[in-house]
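Note that our numbering numbers the sequence shown so that position 1 is 235, with each residue one more than the last.
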Amino acid sequence: MYEEHNLEALPRVKAVVVRGFITRYCREESWEAELVALPPGVVAQDADAVCHYIKGEDGRFYEYYGWEPSTEEQPIYIDVSDHL
């Protein structure tokens, strides 16, 4: 999905992600994941069906369903295990 952006070379973030609409059938309310930020300017692809995350004020990561591009100030993250 994001092969052209060489996400393998980008830094990883260990984070707690929170169950949202896409993951609503997961038993856990939250879980640990390894995330990588999409480069600035990249728009989330299939964000209504594929989990993308943004960091909340509480430091946890929440599902993101929008179409705004990732930015330096508000990066959009994906789960490494799902995409790399």
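For every residue, glycine included, the Cβ atom is placed at its ideal position computed from N, Cα and C. On a predicted model such as this, the values are computed, not experimentally measured, just so you know.
Those residues which DSSP pairs with residue i across a bridge
i    : result
I312 : V270
S264 : V252
V247 : L269
Local Cβ density within 10 Å of residue i, reported as buried at 16 or more and exposed below that
i    : result
S304 : buried
P245 : exposed
F295 : buried
V251 : buried
Y259 : exposed
Same chain only: Cβ atoms within 7 Å of residue i, ignoring 5 sequence neighbours per side
i    : result
K248 : E266 and E268
Contacts around residue i, its chain only, beta-carbon distance under 8 Å, and the 5 residues preceding and following it disregarded
i    : result
S315 : A267 and E268
The region 273 to 282 contacting the region 257 to 265, beta-carbon criterion three pairs below 8 Å: no
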